[in-house]
Amino acid sequence: MSTTVRPGTAPRAAGRATAAPLPRLLRSELELALARPRTAVVLAAAAAVPVLATLALAGGPGDLTHALGVLVVALSEPAAFSLGMPLVLVAADAFAGERGSGTLDGLRLSPVGPGRLLLLKASAVACAATLSALVVVAAALVAGGLVLGAGPYGTGVTLGRALVLAAWVTGQLTGLGLLLLALSAAVRRPAVVVATGLAALTAAPLVATVLPDAAAVLPSGHWHEVLAAVTAVPADTGAAWATRVRAAGFAVAGAGIALFLLTRRDG
Numbered sequence: 003m004s005t006t007v008r009p010g011t012a013p014r015a016a017g018r019a020t021a022a023p024l025p026r027l028l029r030s031e032l033e034l035a036l037a038r039p040r041t042a043v044v045l046a047a048a049a050a051v052p053v054l055a056t057l058a059l060a061g062g063p064g065d066l067t068h069a070l071g072v073l074v075v076a077l078s079e080p081a082a083f084s085l086g087m088p089l090v091l092v093a094a095d096a097f098a099g100e101r102g103s104g105t106l107d108g109l110r111l112s113p114v115g116p117g118r119l120l121l122l123k124a125s126a127v128a129c130a131a132t133l134s135a136l137v138v139v140a141a142a143l144v145a146g147g148l149v150l151g152a153g154p155y156g157t158g159v160t161l162g163r164a165l166v167l168a169a170w171v172t173g174q175l176t177g178l179g180l181l182l183l184a185l186s187a188a189v190r191r192p193a194v195v196v197a198t199g200l201a202a203l204t205a206a207p208l209v210a211t212v213l214p215d216a217a218a219v220l221p222s223g224h225w226h227e228v229l230a231a232v233t234a235v236p237a238d239t240g241a242a243w244a245t246r247v248r249a250a251g252f253a254v255a256g257a258g259i260a261l262f263l264l265t266r267r268d269g
């Protein structure tokens, strides 16, 4: 883990310390979280999924042989592993990873209180989710558009629905990421957070198949239904609302638990 000293994190013992401005702290946090080489590697892996999907769909008959079809495949439950890896790593490093490297202790001794600390970490998780979604959507539109074309939708409709899906996926990933952030605040080993995140991304579709009633509370439950509804003619964007509520619930619960753990340890 990086041991970079963050601005505004000098120990109180050195004198009366004042917290650095929030934008400066946020920029430092995002640089540390998103500029790591492994983050670039997992983002590249996520971008490769739409390219592989394009090659698989090219030349074959079917309803998905167009750019939006490539995006549907890239955002489906089986592809959630690569899609969610960036935010899983960021969440694991946020508290558990920095606790192991000692940088979290410096933050906790600084004027950065639990609420602001949580805001910084949650912002990094949300940015990782947004970046992952945008990378996959852009790769799907470019690869699918160049090889397969826009299909029956046309360029404008394809772009509009792709933006809807990008926003929806960002919300789903952020909800999961904040739950993992709470776990990261509770444990000392980042590997525990990574293993839990990967299990949630890979096992959830299998559990939903065996236990359909459990899909409503699983991170990727009902994804296929939302993807089918948004790409239908006409589109049914209302199908995404139930999963948005679930993601919002995950986010609120994760943030609340993380704040409780941080506040308790400060006390």
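My numbering puts the sequence shown at residues 3 to 269.
No residue lacks a Cβ here, since even glycine has one placed at the ideal position from N, Cα and C.
- A residue is called buried when at least 16 other Cβ atoms come within 10 angstroms of its Cβ; G251 does not meet this threshold and is exposed.
- Annotated three-state conformation of D65 is coil, per DSSP.
- By the Cβ-count criterion, G240 is exposed, with fewer than 16 other Cβ atoms from all chains shown falling within 10 Å of its own Cβ.
- In the structure shown, R101 falls within a helical segment according to DSSP collapsed to helix, strand and coil.
- Taken in chain order, no unbroken stretch of alpha helix (DSSP H) lies wholly in the stretch 139-186 with a span of 4 residues or more.
- Just so you know, the alpha carbons of V166 and A58 end up roughly 24 Å apart.
- T245 sits away from V232, with the two beta carbons spaced by 8 Å or more.
- Look at the beta carbons and you see the stretch 142-150 not touching the stretch 212-229: under three pairs across the two are nearer than 8 Å.
- Contact annotation: L36 and A130 have beta-carbon atoms nearer than 8 Å.
- For P25, the three-state secondary structure derived from DSSP is helix.
- Counting C-beta atoms within 10 angstroms of its own C-beta, V43 has fewer than 16 neighbours from the protein chains shown and is therefore classed as exposed.
- In this structure, the beta-carbon distance from L161 to S134 does not fall below 8 Å.
- In the structure shown, the three-state DSSP call for H226 is helix.
- Leaving aside the five residues that flank A216 on each side, the residues in its chain whose CB is nearer than 8 Å to its CB run, in chain order, V209, A210, G223.
- No Cβ-Cβ contact shorter than 8 Å links G173 with A126.
- Segment contact: the stretch 82-100 against the stretch 178-189, three or more CB-CB distances shorter than 8 Å; contact assigned.
- With respect to the C-alpha of R40, the residue from T56, G61, G64, S84 having the closest C-alpha is S84.
- Boundaries of the alpha helix (DSSP H) around R40: 39-59.
- Distance check between L77 and each of L28, P207, A260 places P207 closest, using alpha-carbon atoms only.
- In this structure, A98 places its C-beta atom within 8 Å of the C-beta atom of R190.
- By the neighbour-count criterion, in which 16 or more other beta carbons inside 10 Å mark a residue as buried, R29 falls on the exposed side.
- Taking a contact as a CB-CB distance under 8 Å, the pair G177 and L89 does not count as one, their CB atoms being some 10 Å apart.
- The beta carbons of V51 and A81 sit closer together than 8 Å.
- Spatial neighbours of V137 in its own chain (CB-CB distance under 8 Å, excluding positions within 5 residues in sequence) are listed in chain order as L45, A48, A49.
- Taking every protein chain shown into account, the CB of A124 has 16 or more other CB atoms within 10 angstroms, so this residue is buried.
- Assigned with DSSP and collapsed to three states, T204 falls in helix.
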